[in-house]
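Residue numbers (the numbering used here), protein chains in the order written: chain A, 66 to 656; chain B, 66 to 656.
Idealized CB from N, CA, C, for every residue including glycine.
Keep in mind the model is a prediction, meaning the values are calculated, not measured.
Working notes for the structure below.
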């Protein structure tokens, strides 16, 4: 139907006859001469319909006069040099003089045009129009290139792409499962996988050595701006490896793929940081190293102040008093400081003490009065505060202070333009094996229950569970956890010990994970792996904040597809076939 | 952890020290000298543990003596030439003299060993052990190579791999949907896609031009031997194309991939056959052309016989009387002939008339008596029957006769070794647009409701619905439909007309497919595509009858995963969260 793509017409084709298919991006009728910007996935080229000396060309001009936005056209014409070159587009040196214009499909008046900036609801409802825009085409193509580059990289290195089931077993650990009633088994359900974790471990025990899959995963969680019900991860697993084997290989992969797809040169060696160091310096296990702000511990300097909010945590081994100096932060108004306190509050802060030093050296601080002069001066000096700065202080439980001061750091980075250009990858390692859940009064796994501890001995792990370190690792890029993995447990006795520490009794473990415990008994090899978040990496590469821009048909934060109107009610007869019914409203769980 | 793979050790490494990881495939203790066949995904190498003059090597020998089947080992040793070469394995020229044997994970006594031939239930329950066998490794690797080759081929040609949703809208047309209760929308459900059909069409309207996806699809149908609840297709769609554009491209793809992955050279140009011709000659829309047997229509020759079973259909324009000559078929006993009749009966035959001509020319036929001598001789001559042959006859409704005679043809092909070696691909085209469903008293779509008819005009289609031909096409290989596709409807008015002919009213069409009808209004381009069954193609390439051999974790025909025990019962509290409950048994649909 066509000889060339619109966006690829160039001067080498001048004088040739071409046939193009595309949409009318813009059409202008200048009275007897019409210009149509014809658009396909490669770009835009200008088409001219004008009277011809030879045959008048009247029919072509008449057709062109009636062309409207997004009409689907097939145009034949001759390529010629343009009088007024358009340097903004790739084809700007040339235009097509039309000898035939065929309207393949007339477009009705549009709900919006991509030249406008419609609201997201409209964009999602008419997703097919939204995706036609060159900007969305570019973003989606970045994702395609990313996935393709990853696959080619792994295919060349002996990794096997193996599909694991979507209809699988419910394992109520971690996030909430999506359930699928089983027609052939009344009262029973399949679950959609939260990740292929256990299947990929089984694949290692099954002898596949090096596995990958671009895998769809499902978590029925509250949707935040950057979450989807279903998401895609590059899932990988290796047999007979240590942490560094996995890390070195995937670090090289990420570096190569960023270079090839985005033209970005990442560090030749990613920095490495323990979880403890990341929390201490940046208040985050996924620090954005582009922001040159660091937390400073000041417990020693405030322990003897008269400020009870500080002295308690300063004396508590589980407490923390941390300061964050923001250069130029003295420009913050009282209202803006309150906004910082409110922001910290979302992460658990009860308040946000500060010391502000004006450009001329005047100090304003609600906590100054609790210190004698020397102690206050020592504090100011220790955090390196000078004229024009503000220093925020957080005090309380170690993890809470780290969390909210980390959040303050990110906000300050953005507010004061302290986020450097470029790319800051790093590895975070040595995560705690367990976190104590106050509410459930039991340990929970910081990664997942299949992560190996750094100790080989079960008795050792049991004796030191609170301080045990795991063999997990995360790859962080610009403040995003883009990949997470670990060396897994490969012996049944250690797996049982970990289940036990997590409060999963032998019977429950057998019911849920019996196949894993069995498989570990038959010569399971040491193994480990990692999973990368494709949606997030694609968004980073495409330069967009929203992963919805790199997903063809995303759901809203309300878990709906506005284009197809999913989810939707189902006839009761159809539900009967799968042996379920909608629950009467009263007995349903609270919303 | 290792320097080499077991299966790749060869003579170039003689004298070198290597470290290998793998499983003990076999271990033999010959008293002071132990042999271990060490196996990884690349193959097997022989390891020798023997006393050394240097240091005695006693510990190594002692460890080796205790090695059992499937122990997970790490072995260091020196490569040397073997005394007795084993030509059966790739590494058969060499062996490893062990200097260290580390038992990474001892295997408990196995439920079976892959050297045995356990039943399928056992294989599926202990899938990780089954998959370790070299045969299963080879089959699974064939699939990996197939998918990788297809992707690389398409990536090189500008196709974009785009993911479409798994949680989508129920469209109760075609097969039964799997349903997923929506937690955030009480009483509503997502459905798993039967295919990405509508999404890929929308992608063409969204400007992606050429799309592919290795897509998981879901159909909640009764499982036959070669079906799974979830299956994988290579899904493709092209904008601005005709049938031949699609066919020529994917034919080249299949040819290249068979050559590269399986070393198979398919025909330089696939034969093309209309649906009508395929049914007439082979009684199937997916004829296995390796079998040199053809149906012959004999209505003209039996119309005036005295055999009412023949004369009725022979005179009926909707009837058929067909013959199938089987060379050498005279060897069939009465009992075997009955088996053929029973086989045909499964496909709707009420009986199976025959003429048997012995090697010495004696005729045995229950229908001979209905013919005069000349007419009978003419019939025998027309079907080309000679000494040693049998000819089966089917009479009745055209489609029924075609079906069961097609089934008889396949059975005869197998029984009489008439299936030629090699590969017989072809295109089947010109399918009927609609089939009349006697039960529902309405038309149903032979492909799907989005397939374009060969006529452009809605009035023409409505006037000739019964005989309308679609723009659908199937790729058939050795009697398997490995790919099916069509040019799609790209105008809203034609789509509405087809919905109407299928008994889908305007309101229902809007509720189910409103987004498609909307999208068609905004300049939808002409488009078409195809989908290939990856599981079946992989099975064909791997030389196995069962697609379960090329799926890592398949379900049984009872829709269960025997390894994980899915599906399983779910706590009522968890069901309450998603607003459903198990239906009381009595109100459930009949099993």
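With contacts defined as CB atoms closer than 8 Å, residue 491/A and residue 322/A fail to qualify as a contacting pair. Relative to the Cα of residue 459/B, the nearest Cα in the group 264/B, 137/B, 502/B and 362/B belongs to 362/B.
By the rule that beta-carbons nearer than 8 Å mark a contact, residue 587/A touches chain B.
Sorting 337/B, 634/B, 568/B and 259/B by C-alpha distance to the C-alpha of residue 244/A places 634/B at the top. Residue pairing by DSSP puts residue 502/A in a beta bridge opposite 507/A. Think of a sphere of 9 Å around the beta carbon of residue 309/A: no beta carbon from chain B falls inside it, the nearest being about 11 Å out.
When 7 Å is used as the limit between beta carbons, residue 137/A is near these residues of chain B: 588, 589 and 590, in chain order. Distance from the Cα of residue 550/A is smallest, within the candidate group 94/A, 184/A, 313/A and 248/A, for 313/A. Residue 98/B places its beta carbon 8 Å or farther from that of residue 128/B.
At a beta-carbon threshold of 7 Å, the residues of chain A lying near residue 173/B are 586 and 587, ordered along the chain. Under the three-state reduction of DSSP, residue 433/B is assigned to helix.
Close to residue 197/B, with beta-carbon spacing below 7 Å, are these residues of chain A in chain order: 271 and 272.
Measuring C-alpha to C-alpha distances from residue 537/A to each of 100/A, 340/A, 236/A and 219/A identifies 340/A as the nearest. Flagged as an interface residue toward chain B: residue 194/A, by a C-beta distance shorter than 8 Å.
In terms of beta-carbon proximity, residue 628/A lines the interface with chain B, with at least one pair separated by less than 8 Å.
Neighbours of residue 291/A in chain B, taken as residues whose beta carbon is under 9 Å from its own, are absent, since the nearest beta carbon is some 17 Å off. When DSSP reads this structure, residue 167/A sits in a beta bridge with 139/A.
Residue 592/A carries a strand assignment under DSSP once its states are collapsed to helix, strand and coil. Between residue 72/A and the set 91/A, 105/A and 79/A, the nearest pair of CA atoms involves 105/A. Near chain A, meaning a CB-to-CB distance below 7 Å, no residue of the stretch 114-131 of chain B qualifies. Here residue 231/B is buried. Its C-beta has 16 or more other C-beta atoms within 10 Å. DSSP, read as helix, strand or coil, puts residue 471/A in helix. Residue 466/B is classed as buried because its beta carbon has at least 16 other beta carbons within 10 Å across all chains shown. Taking residue 418/A as the centre and dropping the five residues before and after it, the same chain places the C-beta of 432 and 458 closer than 6 Å to its C-beta, in chain order. If you draw a straight line from the Cα of residue 132/A to the Cα of residue 642/A, it is about 51 Å long.
By the Cβ neighbour-count rule, residue 153/A is exposed, with fewer than 16 other Cβ atoms within 10 Å of its own. Around the beta carbon of residue 598/A, 16 or more other beta carbons lie within 10 angstroms, which makes this residue buried. With respect to the 8 Å criterion, residue 115/B and residue 70/B are not classified as neighbours on the basis of their beta carbons. Judged by DSSP secondary structure, residue 370/A falls outside any alpha helix (DSSP H); it is assigned neither H nor E.
For residue 225/A, the residues of chain B that pass the 8 Å Cβ criterion are 205, 206 and 209, in the order they occur in the chain. Where residue 579/A is concerned, the enclosing alpha helix (DSSP H) starts and stops at 571-585.
Distance from the Cα of residue 209/B is smallest, within the candidate group 206/A, 435/A and 221/A, for 221/A.
Following the DSSP letters along the chain, one finds residue 599/A in no beta strand (DSSP E) but inside the alpha helix (DSSP H) bounded by residues 599-607.
Around the beta carbon of residue 302/B, a 10 Å sphere encloses 16 or more other beta carbons of the protein chains shown; the residue is thus reported as buried. Under the DSSP assignment, residue 273/A falls outside any alpha helix (DSSP H); it carries neither an H nor an E label. Interface annotation, residue 215/B: not in contact with chain A, CB-CB separation never under 8 Å.
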